[in-house]
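K.L.:
Numbering (our numbering), first residue to last: 45 to 130.
1) Taking residue 105 as the reference, which of 124, 118, 49 and 67 has the closest Cα?
2) According to the neighbour-count rule (16 or more other Cβ atoms, all chains shown, within 10 Å of its Cβ), is residue 57 buried or exposed?
3) In angstroms, rounded to a whole number, what distance separates the CA positions of residue 84 and residue 114?
4) Thinking C-alpha only, which one of 82, 73, 49 and 54 is nearest residue 119?
5) Less than 8 Å between the beta carbons of residue 128 and residue 71, yes or no?
6) Let's see if you can read the secondary structure: which residues bound the alpha helix (DSSP H) around residue 105?
7) Cα separation between residue 50 and residue 59?
8) Cα-Cα, which of 64, 117 and 123 is closest to residue 101?
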């Protein structure tokens, strides 16, 4: 692998990593926003996520699962509100 090819490959890896980090930050912000809207204790949620062990990939997967759970709760509460208003 020549220097230029190696450099191009490294640039692609760096850009992909930056995109992945941007996605993870956006998901973390969404977790915080949804948790706040639901009245969840964001500090305890943060510590719950922080205590997880494993690789960075495992931790990101855990955050995604928490985000999905919070989205589900939000949808349930919105449905309850619509039912009450009807």
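Cβ coordinates follow ideal geometry from the N, Cα and C atoms, glycine included. The structure displayed is predicted, hence computed values, not measured ones.
P.N.:
In short, the structure shows the following:
1) To locate residue 105, count along the chain shown from 1; it is residue 61. It is 67 whose Cα lies nearest to the Cα of residue 105.
2) Against the chain shown, residue 57 aligns to sequence position 13. Residue 57 should be labelled exposed.
3) Walking along the chain shown from the start, residue 84 turns up at place 40. Walking along the chain shown from the start, residue 114 turns up at place 70. Looking at the two C-alpha atoms, the distance is approximately 9 Å.
4) Within the chain shown, numbered from 1, the residue matching residue 119 stands at position 75. Of the candidates 82, 73, 49 and 54, the one whose C-alpha sits nearest the C-alpha of residue 119 is 82.
5) The count along the chain shown starts at 1 and reaches residue 128 at position 84. The count along the chain shown starts at 1 and reaches residue 71 at position 27. Contact: no.
6) Counting from one through the chain shown, the residue named residue 105 turns up at place 61. Its alpha helix (DSSP H) spans residues 100–129.
7) Residue mapping note: residue 50 aligns to position 6 of the chain shown, counting from 1. Residue mapping note: residue 59 aligns to position 15 of the chain shown, counting from 1. C-alpha separation (whole angstroms): 14 Å.
8) Start at 1 with the first residue of the chain shown, and residue 101 comes out as number 57. Ranking the options by Cα distance to residue 101, first place goes to 64.
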